[in-house]
Amino acid sequence: MSLLRKIRGISLSNKIFFSMILGIAFGLIFGKSMGDIKFIGDAWINFLKMTITPFILLTIVTTVGGHKSAQTIGKIAIFIVVFYTISALVGIGIGIGTMSVFKPGAGFTGFAEYSTKSLAQAATDGFSFKSLVMSMFADNFFKPFVEGSIMQVLVIGLFMGLVILKMPDGEVKTGILKWFQNIHALFNKMIALIMEFGPIGVFCLMSAVMGQYGKDFIGSIGSFIGVVYLSLALLIVLWYLPLVGIIAKIAPTTFLKKSLPLTVYTMSTCSSAAAIPISLNVCDDLKINRQISSFVIPLGSQISMDGMALFLPAILMFGAQAMGIEFSYAQLFQMAIMSVLIANGGGGIPNAGLIKVIIMIQAFGIPLEMGAIVGAFYRIFDMGVTTLNCMEDLVGASVSNKIYGKSLDTHELQNVGIVVPAENTAV
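All residue numbers for the sequence shown refer to the working numbering, where the first residue is 30 and numbers rise by one.
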């Protein structure tokens, strides 16, 4: 019984990681015979896919419609949201650039047969700006859900959320919003339950893939991990440190030294929310006004997702390179926009990294098997991705402190629901 309790005490992400290791071992030992259990992993992926599209709609509607008013955001919130968006786009550009230069997916040819005519045609012909815009708007409410058109679902969700936001306060608005929140909670539980079977699904997929492709896959995924971490490092050196040094007037070496405890913590826990107290302490060490950090850090734990925004297009390009496909400039533009929306819109999703990966892969026609395989390694990626996300929070707090710190209105922050501790209160 003690052994069972210990197994139950292991986190789901660690269980998935361990099942991936076992899948690799079984695949290398037993070879192609492990392909006989691949259907179990496929069934798990299909069940997960079934919940994704409605969950996206519910997430967007409840997030946008749940704001008290558009004016409650405040000048600092507007600034930090714009800053995080620009920062995410910079990260996406760096990620796409490094993937284009090193092409780690080109060495893995196992998915070449998935190069469907529609995807190949889209990559060859590209899209006009007109068709790109039109592709975001559905002519039928149910069609995007049937076809899995994620961008159209995002637009519908944003529109519905704005309509709810503009409705006068009262029983009707409260009732509508409460209904969406209840259904959102239902899908949250559904996804959480499906993810409990993740270790089994990942084991079946990994063992089948390793049995068929073996060392070819290991070499490619190793190169991919290296390119992703190189991209994360470049974002810090080329974007974060110049912002900290030039705008916030903090020496880059001081910033890196002070943020080291946060780096160690996030590399171990892979949790932005759990790192909030550590981030606040680092902000204190950097002499950032606690009124600023108490607002920016919690907000950033939900919406600052540079690491994920960089990682999502990198996975798509890895899959496309393995399939021998090149994305058009229009597709890269759409990829960048969707990466920002998906990366910043996943608060509350259980095991959000894998879910976001599958959402993007489904939207761009990459085989779902690729998402499950790469997702099995997400614990390795998440160490760097989460660390970068939390470091972005520190940069945002540092820059905001320099711009707004001296003219800060404490009452304004309290109005948006942020508890402002005393200046020197320990966390």
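Glycine residues also receive a C-beta, built at the ideal position from the N, C-alpha and C atoms.
What you are looking at is a predicted structure, and each value in this text was computed from that prediction instead of being measured.
For the ligand FMN, is there any heavy atom lying closer than 6 Å to the beta carbon of G120? Ligands displayed in this structure: none; no statement on the ligand FMN is therefore possible.
Compute the Euclidean distance between the alpha carbons of G251 and Y269, then round it to the nearest angstrom. Each residue's Cα considered, the two are about 26 Å apart.
What's the call for F393, buried or exposed, on a 16-neighbour Cβ count within 10 Å? Buried.
Starting from W208, trace the alpha helix (DSSP H) in both directions and tell me its first and last residue. Counting along the chain, the alpha helix (DSSP H) containing W208 begins and ends at 200 to 225.
Excluding the 5 residues preceding and the 5 following G124 in the sequence, name in chain order all residues of the same chain whose CB lies nearer than 6 Å to its CB. Residues S260, L339, P342, A343 of the same chain have their beta carbon placed closer than 6 Å to that of G124, with the five preceding and five following residues left out of the count.
Can you tell me the Cα-Cα spacing of R408 and F46, whole angstroms? R408 and F46: Cα-Cα distance of roughly 7 Å.
From the DSSP output, in three-state form, read off N43 for me. Helix at N43.
What does the alpha-carbon distance come out to for the pair I39 and V162? Approximately 45 Å, taken between the alpha carbons.
Three-state secondary structure (DSSP) at M165? Coil at M165, not helix or strand.
With DSSP run on the structure shown, which of helix, strand or coil describes G353? Residue state, collapsed to three classes: coil.
DSSP on N430, reduced to helix/strand/coil? Here N430 sits in helix by DSSP.
Length of the line joining the Cα atoms of I371 and S116: Computed Cα separation, rounded: 15 Å.
Starting from G186, trace the alpha helix (DSSP H) in both directions and tell me its first and last residue. Where G186 is concerned, the enclosing alpha helix (DSSP H) starts and stops at 179 to 195.
To test your reading of the DSSP string, which unbroken beta strand (DSSP E) runs of 3 or more residues are found completely within the region 242 to 327? Secondary structure within the region 242 to 327: not one fully enclosed beta strand (DSSP E) run of 3 or more consecutive residues is present.
Inter-residue Cα distance where the pair is G425 and A237: Roughly 44 Å separates the two Cα atoms.
Nearest residue (CA-CA) to S322, options K218, G120, F174, E421: Ranking the options by Cα distance to S322, first place goes to E421.
If you measure between the beta carbons of V10 and I109, is that distance less than 7 Å? Missing from the structure shown is residue 10; the chain here goes from 30 to 456 and no further.
Among V119, G126, K104, T91, nearest to T203 - alpha-carbon criterion: Answer by Cα proximity: T91.
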